[in-house]
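Okay, so here's the structure we're looking at.
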Amino acid sequence: MRFSHLLIPTLRDDPGEAETVSHRLMLRAGMIRKVAAGIYTFLPVGLRIIRKIEQIVREEMNRAGAQEVLMPIASPAELWRETGRWEYYGKELLRFKDRHERDFCLGPTHEEVITDLFRREVRSYRQLPINFYQIQTKFRDEIRPRFGLMRGREFIMKDAYSFDRTESAARISYQKMYDAYTRIFTRCGLTFRAVEADTGLIGGTSSHEFMVLADTGEETIVYTDEGGYSANVERAELLPEADPGDGQDQEALQAVPTPGMSTVEQVTSFLKIPPQRLVKTLLYRAGQETVAVLVRGDHEVNPIKVARLLGAVEAALAPPETVTALTGAPVGFAGPVGLKGVRIIADHAVRHVRNMVVGANKADTHYLNANLDRDFPPPQFADLRNAKAGDPSPRGDGSLKVAKGIEVGHVFMLGTKYSQAMNAHFLDPQGQEQLAVMGCYGIGVSRTAAAAIEQNHDAKGIIWPVPIAPFHVQLMPLSQSATVLHLAEQLHDSLSAAGVEVLWDDRDERAGVKFNDADLLGVPYHLLIGDKSLAQGLVEWKSRRTGQTVKIPPDQVLAHAQRHLQS
RNA sequence: CGGGGCGUAGCGCAGCCCGGUAGCGCACUGCGUUCGGGACGCAGGGGUCGGAGGUUCAAAUCCUCUCGCCCCGACCA
């Protein structure tokens, strides 16, 4: 492909709107252009990358036995009302009316539409298991779209939905998708990790997220070196630890003034104690109930765990008025001692804190040396906090480490949530109606492209992994001399004929311009043809990643290319 | 939704405080010279200064309203 036949509007300057590496580089390399907040046009080079990823996804989905369909982007409100999500989904669901005033939305995901298809068309257990997938544009009206393709409002997603006879059969479908995802991200040339994820309200038994590891990732994961355990921090289970048994004596409870000191940092540095000795008391609103949650000063409450313990949909910090009403003190001075009229729950780690510092439920006052049993009744203990580096693994295989990741895939056991809401049945061998057991599986295709850049770039630009690179080789004639141009054309033709994807920079630009654009674009191999080396009958093959250059005769280029592209 | 910032040529920006009819670099067009890591010269094209209203003899500049975009945050006591 000739460079001059594609619109590749590279930019010399960083666009002011982009902060993130992938966003900046995709704009500069002329791969995407913004149309509105979180909404982008893919230009030819950007689209080629998307197509590459899609192709890998498609091959692996097909191999795993899923069948491709294409559902509409617009879907009618009735389907969403059946599952309650028309109300539940909130503002992220972009709604509109057609000319007859009928309610529609742009699909943010397609459980409703696919379940509707299933219940209309699939009758018998003989047709199961069945798994449908599509690669399609999704729309989610995010609160704050950001980072270019990383969190767009419109994005390209592969979504798949499996239907099985039983829970155990569904687990097999789930495992097939899990394995397919592992192959997909491996084939894309990405460094990633599958982590246990929260199943949230949807319930079900399993959920895994596939995280591309990158320091710029929005998600935090914990893992052990041996790979025995890895999970999203939100999800990571923490077992109760044994009492370190330092045998400290309980000292007398004592109120101390802590004027204006409402944060852990302020109180601990004022009292000159380590944060582990402070126990903070946070009031959470979960459903109809308000609870006081105790965690150690160096720990963070995990609201998802709080909600799960209480059987609520979600838990959020109570507003300041509630805090004042219940504790009689402004925010920052709540504590378990003498706290009335509210249930208290505590993280396991609190059990072993002796002589703790806690709020005194009085403005500008904390207690020193508060102790369980003696000063306040023992609360219910549970795992209520986020994991942090150094915590013991729940599998007992060492301690947890922390890393940042970008969520590019998510597999999910749904159970019968949707089949029940929408009456999606099949007939079992006994002729009885049974609810289909479902799973759903998503891959952010456009986000995968962005994640690949976050993981593979240097100061000069992108460095694509070969399998998802827009081209394999960028061919650069460095002068306009007839021999150089002639050889460039010959090499372009012979490589292309052999299936090597060549971007031939046929522009009449200076060498420096071509080099810089090539580095920006990130095509993995550069083939340089210049008068200098050609004088010795050689051309240069250069690796974008390592910068390593070898000089080879033109008739060996094809073999050389094939050798590099295979690995 | 709260806070901050920004809309002036395709991109990056100056001009705005202190009103006087728009400028710089890159990109783009033509010609010439150049040609292995973002060349140079000469000559050009391109902007109703996000939009609407107001003040004024005069508005990119002052005032009001509006639209769009970016960043941070959305409450860890």
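So that you can map any letter, position 112 of the first sequence is 93 in this note's numbering, and since no number is skipped, the others follow by simple counting. For each residue, glycine too, the CB sits at the ideal point set by N, CA and C.
In terms of residues, what are the limits of the alpha helix (DSSP H) holding residue i?
{"i": "Phe452", "result": "Looking at the DSSP string, Phe452 is not in any alpha helix (DSSP H), and its letter there is neither H nor E."}
{"i": "Ile31", "result": "25 to 44"}
{"i": "Pro57", "result": "No alpha helix (DSSP H) contains Pro57, which is instead part of the beta strand (DSSP E) from 55 to 57."}
{"i": "Ile165", "result": "148 to 168"}
{"i": "Ile13", "result": "Looking at the DSSP string, Ile13 is not in any alpha helix (DSSP H); the run it does join, the beta strand (DSSP E), is 13 to 17."}
{"i": "Arg428", "result": "426 to 436"}
{"i": "Leu259", "result": "No alpha helix (DSSP H) contains Leu259, which DSSP labels as neither H nor E."}
{"i": "Lys286", "result": "284 to 291"}
{"i": "Gln471", "result": "463 to 478"}
{"i": "Arg9", "result": "2 to 9"}
Look at residue i and residue j and say whether their C-beta atoms are less than 8 Å apart.
{"i": "Gly129", "j": "Met7", "result": "yes"}
{"i": "Lys157", "j": "Met138", "result": "no"}
{"i": "Ile424", "j": "Ile165", "result": "yes"}
{"i": "Ser154", "j": "Pro110", "result": "yes"}
{"i": "Arg100", "j": "Met394", "result": "no"}
{"i": "Ile567", "j": "Gln115", "result": "Past the boundaries of the shown model lies residue 567; the chain is included only from -18 to 548, so the question cannot be answered."}
{"i": "Ala499", "j": "Gln543", "result": "no"}
{"i": "Cys421", "j": "Ala141", "result": "yes"}
{"i": "Lys385", "j": "Ala540", "result": "no"}
{"i": "Asn350", "j": "Leu234", "result": "yes"}
{"i": "Leu509", "j": "Leu459", "result": "yes"}
{"i": "Val193", "j": "Thr172", "result": "yes"}
{"i": "Asp145", "j": "Arg134", "result": "no"}
{"i": "Val383", "j": "Thr201", "result": "yes"}
{"i": "Phe(-16)", "j": "Gln48", "result": "no"}
{"i": "Pro375", "j": "Gly170", "result": "no"}
{"i": "Thr346", "j": "Ala236", "result": "yes"}
{"i": "Ile162", "j": "Val392", "result": "It should be pointed out that residue 162 corresponds to Tyr in this sequence rather than to Ile. The answer is yes: Cβ separation under 8 Å."}
Tell me, please, which residues DSSP counts as bridged to residue i.
{"i": "Thr64", "result": "Partner(s): none; Thr64 has no beta bridge."}
{"i": "Asn112", "result": "Ser143"}
{"i": "Asn213", "result": "Ile202"}
{"i": "Asp536", "result": "Beta-bridge pairing links Asp536 to no other residue."}
{"i": "Ile20", "result": "Ala17"}
{"i": "Thr271", "result": "Arg266"}
{"i": "Trp522", "result": "Leu508, Val531"}
Out of the options, point me to the one whose CA is closest to residue i's CA.
{"i": "Leu28", "options": "Ser427, His473, Lys495, Asp474", "result": "Ser427"}
{"i": "Thr305", "options": "Asp230, Lys495, Thr262", "result": "Thr262"}
{"i": "Glu190", "options": "Gly198, Thr201, Val176", "result": "Val176"}
{"i": "His(-14)", "options": "Gly511, Pro25, Gln229, Trp445", "result": "Pro25"}
{"i": "Asn437", "options": "Leu502, Glu123, Arg121, Gly340", "result": "Leu502"}
{"i": "Phe136", "options": "Pro126, Glu281, Ser143, Asp145", "result": "Pro126"}
{"i": "Pro505", "options": "Phe496, Gly511, Lys513", "result": "Phe496"}
{"i": "Arg104", "options": "Arg525, Ser477, His406", "result": "His406"}
{"i": "Ser188", "options": "Ser250, Met457, Gly390", "result": "Gly390"}
{"i": "Ala431", "options": "Arg14, Leu(-12), Met131, Leu74", "result": "Met131"}
{"i": "Arg525", "options": "Asp179, Gly133, Val538, His545", "result": "His545"}
{"i": "Thr147", "options": "Thr303, Cys86, Ile124, Glu414", "result": "Glu414"}
{"i": "Val323", "options": "Gly292, Arg266, Lys343", "result": "Arg266"}
{"i": "Ala212", "options": "Lys343, Arg(-17), Asn367, Gln461", "result": "Asn367"}
{"i": "Ala492", "options": "Val481, His507, Gly480", "result": "His507"}
{"i": "Leu408", "options": "Thr346, Ala433, Gln108", "result": "Gln108"}
{"i": "Val294", "options": "Pro300, Ile285, Thr163, Pro301", "result": "Ile285"}
{"i": "Ala315", "options": "Glu281, Pro535, Ser243, Thr464", "result": "Ser243"}
Quick one: is residue i buried, meaning 16 or more other Cβ sit within 10 Å of its Cβ, or exposed?
{"i": "Asp224", "result": "exposed"}
{"i": "Thr308", "result": "buried"}
{"i": "Thr429", "result": "buried"}
{"i": "Arg44", "result": "exposed"}
{"i": "His81", "result": "exposed"}
{"i": "Asp439", "result": "exposed"}
{"i": "Thr96", "result": "buried"}
{"i": "Arg62", "result": "exposed"}
{"i": "Pro358", "result": "exposed"}
Taking the beta strand (DSSP E) that residue i falls in, what are its first and last residues?
{"i": "Glu388", "result": "382 to 396"}
{"i": "Thr530", "result": "530 to 533"}
{"i": "Ile189", "result": "Inspection of the sequence shows that residue 189 is occupied by His rather than by Ile. Element bounds for His189: 188 to 194."}
{"i": "Asp328", "result": "324 to 328"}
{"i": "His406", "result": "406 to 408"}
{"i": "Pro311", "result": "Pro311 -> no beta strand (DSSP E), and no H or E assigned at all."}
{"i": "Asn497", "result": "Element bounds for Asn497: not the beta strand (DSSP E) but the alpha helix (DSSP H), 492 to 502."}
{"i": "Glu123", "result": "Here Glu123 belongs to no beta strand (DSSP E), and DSSP marks it neither H nor E."}
{"i": "Thr346", "result": "346 to 351"}
{"i": "Phe85", "result": "84 to 87"}
{"i": "Arg174", "result": "173 to 177"}
{"i": "Arg76", "result": "76 to 78"}
Check whether the Cβ of residue i lies closer than 7 Å to any heavy atom of the ligand SAM, and answer yes or no.
{"i": "Val494", "result": "The ligand SAM is absent from the structure shown, which contains no ligands of any kind."}
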